[in-house]
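J.:
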Amino acid sequence: MDDPLLRLPPLDPLRGFVAAARSLSFTRAATQLCLTQSAVSRQIQTLEEALGVSLFVRGTRSLSLTPEGERLYRLASGWLRDYGELAASLRAEQVSPPVTVTASLGITALWLLPHLRDFQIRHPDIDVRLASCNRVVDLRREGIDLALRHCADADAPAGSVRLFGETVFPVASPALGLTELTRDKLPTVALMNYDDPNFPWLGWADWLAACGLEGVRPRAVLHFNHYDQLIQAAVAGQGVAIGRAELLSDLIAEGRLQPVGGARRTVADRGYWLIGASDAPREAVACFRDWVCEAAERTRSATGGLAGL
73 MDDPLLRLPP
83 LDPLRGFVAA
93 ARSLSFTRAA
103 TQLCLTQSAV
113 SRQIQTLEEA
123 LGVSLFVRGT
133 RSLSLTPEGE
143 RLYRLASGWL
153 RDYGELAASL
163 RAEQVSPPVT
173 VTASLGITAL
183 WLLPHLRDFQ
193 IRHPDIDVRL
203 ASCNRVVDLR
213 REGIDLALRH
223 CADADAPAGS
233 VRLFGETVFP
243 VASPALGLTE
253 LTRDKLPTVA
263 LMNYDDPNFP
273 WLGWADWLAA
283 CGLEGVRPRA
293 VLHFNHYDQL
303 IQAAVAGQGV
313 AIGRAELLSD
323 LIAEGRLQPV
333 GGARRTVADR
343 GYWLIGASDA
353 PREAVACFRD
363 WVCEAAERTR
373 SATGGLAGL
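All residue numbers for the sequence shown refer to the working numbering, where the first residue is 73 and numbers rise by one.
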């Protein structure tokens, strides 16, 4: 059987020909293809012998295309470009999309990012995309696989996993040398207040009242609307913050923050939840989900069960 494919000239030399025709230089073509100049020259000679025509006019210091070479260049350059684009598209389809995770700015900065290196070491083949925001999003509509959220237990969607609860107490940098807040010490320190009406337990008014310190003025009050920035200021020694034990366990273990006083409060019926967009996630998403649950278990152990789980 006479198959037209058997009569085709060799295809591999086409790359050398197109590179040389584009630059009109065997030397530059060799550099582009990571070959030697002689290898490119041999490829073109092989192609010319197979076609029975000269493709280049070789001058002493010049190179130009013959009419046959120009016809072949117009055809081959377009075909190789289309072939390359198709190959890239097919390869891209085989690459697993990243696991897309959304979390509030505070959870991302204080808990997820410090732990994420462990996941990368264990699973270097899985890419992760973080989409941090404080608004509640529709996971499926926005193409998000998992969400880490702090919410009332009753508001967690069915199928969600409760990671840990919320335990709070005052924290400060050890550099302040402050072990407790008293009527004598409070006027000498700055208090850092988280201004969000949805989290009254992270503000100082209720806390001071519970400790019998209402009416005592601190040296200053600093107000923040982003909890991670508030904690950065506390680490820098700028004042005392209401710390969320589960988010700050690593900073406390590293000695960058320390509890101030022994009073602790567990926020009832609220916690940190892992929410999935699908009940049957793909393998990479399931792997990340399992890792988050494992990291949360370590956090619960680090906080000594203070989350009330």
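Using N, Cα and C, we set each Cβ at its ideal position, and we do this for glycine too.
In whole angstroms, what separates the C-alpha of Glu214 from that of Leu329?
T.: 37 angstroms
J.: What does a CB cutoff of less than 8 angstroms around Ile116 pick up in its chain, not counting 5 residues either side in sequence?
T.: Pro85, Gly88, Phe89, Ala92, Phe98, Leu127, Phe128
J.: Counting pairs of beta carbons, one from the region 237-250 and one from the region 307-316, are three or more of them closer than 8 angstroms?
T.: yes
J.: Would you identify the three-state DSSP class for Ile216, choosing helix, strand or coil?
T.: coil
J.: What does the Cβ neighbour count give for Gly348, buried or exposed, with the cut at 16 atoms within 10 Å?
T.: Under this definition Gly348 is a buried residue.
J.: Is Ser350 buried or exposed, if buried means 16 or more other CB atoms sit within 10 Å of its CB?
T.: exposed
J.: Are three or more beta carbon pairs between the region 150-158 and the region 291-303 nearer than 8 angstroms?
T.: no
J.: For the candidate residues Pro196, Arg79, Arg316, whose alpha-carbon lies nearest to that of Trp273?
T.: Per the Cα distances, Arg316.
J.: Nearest-angstrom Cα distance between Gly124 and Arg94?
T.: Pairing Gly124 with Arg94, the inter-Cα distance amounts to about 21 angstroms.
J.: Please state whether the Cβ-Cβ distance between Thr251 and Val332 is less than 8 angstroms.
T.: yes
J.: Name the one or two DSSP bridge partners that Thr172 has.
T.: Arg201
J.: I need the DSSP call for Gly376, collapsed to helix, strand or coil.
T.: coil
J.: Hey, out of Arg234, Pro81, Cys205, Tyr145, whose CA is closest to Ala368's CA?
T.: Arg234
J.: Assuming Ala181 contacts Asp256 (C-beta within less than 8 angstroms), just tell me the rounded distance between them.
T.: For Ala181 against Asp256, the beta-carbon gap comes to about 34 angstroms, at or over 8 angstroms, which does not count as contact.
J.: Looking at the unbroken alpha helix (DSSP H) that takes in Trp279, where does it start and where does it end?
T.: 276-282
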